[in-house]
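Student: Numbering (my numbering), first residue to last: 221 to 290. For each residue, glycine too, the CB sits at the ideal point set by N, CA and C.
Put into structure tokens, the structure is as follows:
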């Protein structure tokens with residue numbers, strides 16, 4: 221990491237959603253709103269969501285051979 225993020229460790233960025241109406245957040249981004257509250261204690265209608273680097277998806281079917289061929 222290059223340290224260009226925010227926070228004490230410069231390890232995340234902010235996703236700001238307060239420009240969206242609360243009704244739209246509840247209807248179209250309910251999972252994100254609930255997850256932000258549950259894990260970060262963030263009300264997305266008022267505060268930015270801290271976003272940390274993570275795995276987008278796992279490649280579970282990837283099995284290399286002993287010769288390191290896919």
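(1) Assuming residue 268 contacts residue 236 (C-beta within less than 8 Å), just tell me the rounded distance between them.
(2) Just to confirm my understanding: we take residue 264, look at its own chain, exclude 5 residues before and 5 after, and list those with CB closer than 8 Å. What are they?
(3) Please go through the stretch 236-263 and give each complete alpha helix (DSSP H) segment of 4 or more residues, from N-terminal end onward.
(4) Excluding sequence positions up to five away, which residues of its chain have a Cβ less than 8 Å from the Cβ of residue 261?
(5) Tell me the rounded alpha-carbon separation between residue 224 and residue 241.
Tutor: Inspection of the coordinates gives the following:
(1) 4 Å
(2) 237, 238, 245, 249, 252, 253, 256, 257
(3) 242-248, 250-260
(4) none
(5) 30 Å
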